[in-house]
Structures are given as structure tokens and as C-alpha cells.
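Counting along the sequence shown from 1, when you hit position 96 you're at 1400 in my numbering, and nothing is skipped either side.
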Amino acid sequence: MSMLVFTLALAIIPLLVTAIMSLLAYAEYNDVYSFMDRGFEEILEIRKKKRPRFLILISLMFINVVYCLVFIVLIFAMVPSPDNVQERAIIIAIALMGSGAILSTIAMKWAITRVAREMVHDPDIDYKGKTRKQINELRKEDLFGRRLIEVVMPHTLAVYGMFIAVMILTFCMAGTAEGGNGTDPESLEEPTINAGNIDDVEVVGLLIAFSYIPSMMTGIIPKWVKGDIRSGSVFARKLIFGMLGSLPTVISFSIFIAEMSS
């Protein structure tokens, strides 16, 4: 029953959070243009041109929901009738997948809000009717690719969540296949989750889940890097410092790997 509740939560809560974050981001996007000192018709035209790219950024948050749904399918396909140890391991995996997806979505919303404000001043690039050479030149002025990367960086939290959750699912299956519910994980040749180490895995899983919270800074840190994003050095610093924000999750993930390898 408890696993069913967690599974339903994984299917519903990330979707609700993503929908709310999308609506908030869209409201803030409209507010950006409401403060422009231009004619009403001109503001509407500018907002219309920017909207498709903004919607692309918002749609990226829904990828986290897809991850959750895919993982639910994997659970029922790989472990249709879990025993006690497997159920505990799957609940850990669901918690990590769900928390990673939710916190990643919130961090992405922060990044999207920031990028939407900066996009107002980006030049409008029109590739229609241009030659290949002209398109290559125009791409140098098109900043959307760099804006996109800034938004995708917080997405790594959901990727870590998915990767770790799948590893846990695989390891708990290996534990049953190789040693049943045996209490001696050292007797097994491959990394496994079984009755002998499930308690340790739950502790490490909790550590990883909490590590997502400081790692949400990935969605904010690029804002603190001053300078024009057109500059390669400025953009590189945004990427480097932004990815350093996910260091707590990387460290926790390393602890998980060490625990499973010991």
C-alpha cells in the first residue's frame, strides 16, 4: 500500500508543481513587458515575437514529468511483485526521482524567469530567406542557444534523480537474483541491494535527497556572473559556476557509488 501511495505521488505531484511553475513563469514573463516604455501595439508585437522561444523554455520543465512517468513504467515492468527489501528500495528510488524532478523544476523556473527578463533586449533574428552563409553570421548574434543552456543546467538534478533511481532499481533486482534476501552483501560478486545493506542505502538516499536543496543554486548562480553573455569568457564563467552549484548532489552521488561498491 505504501509503495502505491508513493507511486501515485510520483505521477501527480511533479506534474502539479510543473504546471504551477509554468503559470508563474508566464505571469512574470508578461510583467516584464508591462513595464516597457513603448506604445501598447509595439509592446504586443515584441511580446509576440519572443513568445515562441519562451514557450520552448517552459516546455523543458515538463521533461522532468516525463522522467517520472517513464520510471513508473520501469518499476512495474522490472519488479511487478516486489518483496519487502525491493519495496523499500523502490520507495527510496521514487523519493529520489520525485524530489529531484520537483526541485529541478523549481530551479529551472528561477532560471527561466531570469532569462525571460534578459531576452527582452536580445535582437530578433529572422533566418527566413537567408543563405547558409548569412545564417551562420546571424547565429553569432542569436543568444537563444546560450539562454537555453542556462535553463538546462538545473535540469541536471532531475537527470541525477533518474540515473540514481534506475541504479537502485537495478541493484535491488540483482540482490534478489543473486542472493535472495541474504544478509551478507559481501558474498555477492556484483553491487546489490538486499537485507544486509538496505538500511545503509536508505540513509544515503536521504542524504542525496537533501543534497538537491543546495544544488538548486544552479538556477541562480549564473545571475551573479556579471558581463555580456555575448562574451565567450562571461558565458564560460556562467557555465562553470552554475554547474558547481550541483556539487552537493555530485558528492552525495559519489557516496552512494562508494557504498554500493564496498
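Heads up, the beta-carbon is just placed ideally off N, CA and C, and yes, glycines get one too.
Selection from the options that minimises the alpha carbon distance to residue i
i, options, result
"LEU1511", "MET1382, VAL1554, GLY1531", "VAL1554"
"MET1423", "GLY1404, LEU1400, LEU1452, LYS1432", "LEU1452"
"ALA1499", "ARG1392, ARG1436, PHE1448", "ARG1392"
"LEU1467", "GLY1404, TRP1414, LYS1444, ASN1334", "In the sequence under discussion, the amino acid at residue 1467 is Phe, which differs from the Leu named in the question. The shortest C-alpha separation from PHE1467 is found at GLY1404."
"ILE1472", "PHE1380, THR1496, LEU1320, LEU1543", "THR1496"
"CYS1372", "LYS1444, LEU1447, GLN1390, SER1408", "SER1408"
"MET1547", "VAL1507, LEU1400, PRO1458, ALA1462", "PRO1458"
"LEU1328", "SER1306, ALA1415, ILE1376, ILE1525", "ALA1415"
"GLU1445", "GLY1402, PRO1552, ILE1544, ASP1532", "ASP1532"
"VAL1377", "TYR1330, ARG1541, VAL1470", "VAL1470"
"GLU1332", "ASP1387, LYS1413, VAL1374, ILE1316", "LYS1413"
Per-residue burial, residue i [other beta carbons within 10 Å of its own, 16 or more giving buried]
i, result
"ASN1368", "buried"
"PHE1475", "buried"
"ASN1334", "exposed"
"GLY1536", "exposed"
"GLU1349", "exposed"
"TRP1528", "exposed"
"ALA1562", "exposed"
"ASN1440", "exposed"
"ALA1540", "exposed"
"LEU1568", "Past the edges of the chain, shown from 1305 to 1566, lies residue 1568, and the structure says nothing about it."
"VAL1309", "exposed"
Same chain only: Cβ atoms within 6 Å of residue i, ignoring 5 sequence neighbours per side
i, result
"MET1564", "PRO1495"
"GLU1490", "Here GLU1490 scores only 48 on pLDDT, less than 50, and its place in the model should not be relied on; the value that follows carries that caveat. Correct list: empty, nothing qualifies."
"VAL1321", "ILE1406, THR1409"
Same chain, Cβ closer than 7 Å to residue i, neighbours up to 5 away in sequence not counted
i, result
"ARG1351", "TYR1337"
Sequence-distant residues of the same chain with beta carbon closer than 8 Å to residue i, five excluded per side
i, result
"GLU1506", "ARG1392, ILE1396"
Only counting runs of 3 or more residues, tell me where the beta strand (DSSP E) segments fall wholly within the segment 1418-1475, in order along the chain. none
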